[in-house]
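Positions in the sequence shown are counted from 1; adding 21 to them yields the numbering used here.
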Amino acid sequence: MNTIHEAVERIRTGQLTPTELVGDCLARIEKLDSEIHAWVRVDAKGALRCAAERTDQAVRGEWMGPLHGIPVGIKDIIDVGGWPTEAGSPLRADHLATKDATLVRALRRSGAIILGKTVTTEFASFDPPPTRNPWNTDATPGGSSSGSAAAVATGMCLAAIGTQTGGSITRPASYCGIAGCKPTFGLVSLEGIVPFAYHLDHPGPMTRCVRDLAMMLNVIASDREVDFVAGLEAERTAPRLGIPETFFLEECDAAMGESIRMARERLEAAGSEVRVVGLPDLFADVLEQHRRIMEVEGAEYHRHCFLRQSDQYSPAIASLIEAGLSCQAVDYAAALAHQRAFRQQMATCLVGFDALLTPAAPSAAPQRLDTTGDPKFNSPWTHSGLPTVSIPCGLTPEGMPTALQLVGAAHHERQLLATALWCEEVLDFKETPAGGESSEAG
Numbered sequence: 022m023n024t025i026h027e028a029v030e031r032i033r034t035g036q037l038t039p040t041e042l043v044g045d046c047l048a049r050i051e052k053l054d055s056e057i058h059a060w061v062r063v064d065a066k067g068a069l070r071c072a073a074e075r076t077d078q079a080v081r082g083e084w085m086g087p088l089h090g091i092p093v094g095i096k097d098i099i100d101v102g103g104w105p106t107e108a109g110s111p112l113r114a115d116h117l118a119t120k121d122a123t124l125v126r127a128l129r130r131s132g133a134i135i136l137g138k139t140v141t142t143e144f145a146s147f148d149p150p151p152t153r154n155p156w157n158t159d160a161t162p163g164g165s166s167s168g169s170a171a172a173v174a175t176g177m178c179l180a181a182i183g184t185q186t187g188g189s190i191t192r193p194a195s196y197c198g199i200a201g202c203k204p205t206f207g208l209v210s211l212e213g214i215v216p217f218a219y220h221l222d223h224p225g226p227m228t229r230c231v232r233d234l235a236m237m238l239n240v241i242a243s244d245r246e247v248d249f250v251a252g253l254e255a256e257r258t259a260p261r262l263g264i265p266e267t268f269f270l271e272e273c274d275a276a277m278g279e280s281i282r283m284a285r286e287r288l289e290a291a292g293s294e295v296r297v298v299g300l301p302d303l304f305a306d307v308l309e310q311h312r313r314i315m316e317v318e319g320a321e322y323h324r325h326c327f328l329r330q331s332d333q334y335s336p337a338i339a340s341l342i343e344a345g346l347s348c349q350a351v352d353y354a355a356a357l358a359h360q361r362a363f364r365q366q367m368a369t370c371l372v373g374f375d376a377l378l379t380p381a382a383p384s385a386a387p388q389r390l391d392t393t394g395d396p397k398f399n400s401p402w403t404h405s406g407l408p409t410v411s412i413p414c415g416l417t418p419e420g421m422p423t424a425l426q427l428v429g430a431a432h433h434e435r436q437l438l439a440t441a442l443w444c445e446e447v448l449d450f451k452e453t454p455a456g457g458e459s460s461e462a463g
């Protein structure tokens, strides 16, 4: 299956055309999506037309940018001009975006081809989507970036954009066996994205490997002075990793715990220094305070519509909005104060480490479809705004992917991605789900 960096090289050397690459993705969608349900909209004609333009440009030696000819999926809470942004809700059935979101404009300028819109849970919240996990269609793909993760895992696109307010990039990436990056809060613009919680929403890339994450982040990040791709080599050495002594390894199941233990052994054998680290005292309340911010800010955005049409909201998001509407102002202020203080404590905790290492989720994907899994291993880093990268690290006895989560210091994505690439190369995870075998394009 093509990765972005491999496809870009093949396009530049004439071994592959954007038209062939898009055609391969569309063939995969035709073959697989009736079962996986990763897409709400596929613009086949538009993508092929754009691919023909990129192919002609390549023949002439004209390159729009670093993602020239690469097909990308966009989570359906992000505006693509002229398309609906339904956000997984019937309440937005008549919505039509008038212009591209900032990050979509950046992708187009880089030469990327917008293939379509991927499935999201309702308003990027908790209620399960129709999407299935490509490793086992009786298992959840995670949420809320469900379609983005499943589409990348099966090669229906080479990259997709997800968003995270709790664990909505990291957990689906973990469950579907791909790489995901939740950047530092504010690094990627939220303009043109349906909000959920203004102090928590993070857009980020989902790809098959860490190098591709860096290529995507180079394009969509607001900070144009940092070259994340160049940093993969400049910053890459055996990393100093901290493993929290409490919570994560206590709360994960046996299969995930064993997978992380084996990954740690391999990383240490390859030269990484891994030390146990204590979590700051404010970690004890982080899930409660994170939830409160989600409740209040979700209620603020939805309150007018909810009071008129509460029956149009699914149970989990309705419960969250109701909690937010009844929250005392002093409690919301306390949650924001906790967020600021916890961010400062985590900055101190990370001193002397290139990253913290934790399981990316408490388990592999739950073998059920009435849940999107538990975000409790991801929410602390969303609350603090710290960047994370998730990479697969093994398979359970049942053949489902497990993953580790690397947590870096704020605005240190360059170092974090280099650390993640080093770990990825040591762990050398090559497995793909059924239908995700190597591409025949070109």
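All residues carry an ideal CB built from backbone N, CA and C; glycine is no exception.
Name the one or two DSSP bridge partners that residue i has.
i      : result
Ala424 : Pro413
Pro92  : Ile134
Gly263 : Arg296, Leu377
Ile314 : Ile314 pairs with nothing; no bridge assigned.
Tyr99  : First, the amino acid is wrong: residue 99 is Ile here, not Tyr. According to DSSP, which records beta bridges pairwise, Ile99 is partnered with Ile214.
Ala180 : Val93, Thr228
Asn154 : Asn157
Val209 : Ala242
Pick from the options: whose alpha carbon is nearest that of residue i?
i      : options                        : result
Leu371 : Arg389, Thr106, Leu407, Leu328 : Leu407
Pro418 : Gln365, Glu309, Ile338, Met277 : Met277
Gly164 : Pro150, Met22, Gln349          : Pro150
Arg112 : Ser400, Arg329, Asp375, Gly420 : In the sequence as displayed, the identity of residue 112 is Leu instead of Arg. When each option's Cα is compared against that of Leu112, the closest is Arg329.
Arg229 : Arg257, Thr258, Leu211, Ala194 : Ala194
Cys348 : Thr258, Gln310, Cys197, Asp375 : Gln310
Asp100 : Ala127, Glu289, Ala320         : Ala127
Ala376 : Ser384, Ala356, Ser411, Ala344 : Ser411
Gly225 : Thr139, Ser189, Leu117         : Ser189
Cys414 : Ala180, Arg282, Ala320         : Arg282
Ser110 : Asp97, Glu289, Cys178          : Asp97
Ala145 : Glu107, Thr119, Gly176, Lys120 : Glu107
His220 : Glu316, Ala72, Asn157, Cys444  : Glu316
Cys178 : Ala381, Glu254, Asp121, Thr139 : Thr139
Pro383 : Asp233, Glu279, Met85, Leu234  : Glu279
Ala48  : Ala172, Trp84, Gln366          : Ala172
Phe249 : Leu234, Leu288, Thr258         : Leu234
Arg129 : Ala170, Pro105, Gly86          : Gly86
Keeping to the same chain, check which residues put their C-beta closer than 6 angstroms to that of residue i; ignore five residues upstream and five downstream.
i      : result
Glu294 : Arg261
Ala68  : Val43, Ile134, Leu136
Val125 : Val101
Glu445 : Val231, Ile412
Phe304 : none
Pro301 : Gln366, Cys370
Ala73  : Thr40
Tyr322 : Pro216
Skipping 5 residues on each side, what residues in its chain have a beta carbon closer than 8 angstroms to that of residue i?
i      : result
Val297 : Gly263, Ile264, Pro265, Glu266
Arg389 : Asp159, Ala160, Thr161
Pro387 : Ala160, Thr161, Gly394
Ala28  : Leu37, Leu42, Gly90, Ile91, Leu179
His325 : none
Taking residue i as part of the beta strand (DSSP E), name the residues at either end of that continuous run.
i      : result
Lys203 : 200-203
Thr186 : Careful: Thr186 lies outside any beta strand (DSSP E) and carries neither H nor E.
Leu377 : 376-380
Ile134 : 134-139
Met227 : 223-228
Arg62  : 60-63
What are the boundary residues of the alpha helix (DSSP H) that includes residue i?
i      : result
Val29  : 25-33
Trp104 : Trp104 -> no alpha helix (DSSP H), and no H or E assigned at all.
Arg435 : 434-448
Gly168 : 167-174
Asp352 : 350-370
Thr40  : 39-57
Ala276 : 275-290
Trp402 : 400-405
Gly164 : Segment: none, Gly164 is in no alpha helix (DSSP H) and carries neither H nor E.
Taking only beta-carbon positions, decide if residue i is within less than 8 angstroms of chain C.
i      : result
Ala218 : The structure shown contains no chain C, having only a single protein chain.
Ordered along the chain, which non-local residues of its own chain (more than five positions away) have a Cβ less than 7 angstroms from that of residue i?
i      : result
Ser459 : Because Ser459 sits at a pLDDT of 43, beneath the cut-off of 50, its placement in the model cannot be relied upon, and the following sentence gives the value as read from the coordinates. Met22.
Val247 : Arg435
Ala174 : Pro155, Cys197, Gly198, Ile199, Pro454, Gly457
Glu313 : Note that residue 313 is Arg in the sequence shown, not Glu. These residues qualify, in order along the chain: Cys348, Asp352, Tyr353, Ala356.
Cys71  : Ile134
Pro380 : Phe269, Cys273, Met277, Ile281, Phe398, Leu425, Gln426
Glu212 : Ala122, Thr123
Pro396 : Gly187, Gly188, Arg192
query: Can at least three beta-carbon pairs, one atom from the region 421-429 and one from the region 356-364, be found at a separation below 8 angstroms?
result: no
message: Within 8 angstroms, do at least three Cβ pairs link the region 33-45 to the region 65-80?
response: yes
- prompt: Should the region 198-215 be regarded as contacting the region 433-441, the criterion being three or more beta carbon pairs within less than 8 angstroms?
  reply: yes
message: Is it the case that the region 236-243 contacts the region 326-341, given that we only count it when at least three CB pairs across the two stretches are under 8 angstroms?
response: no
- prompt: Does the count of Cβ pairs from the region 82-90 and the region 55-67 closer than 8 angstroms reach three?
  reply: no
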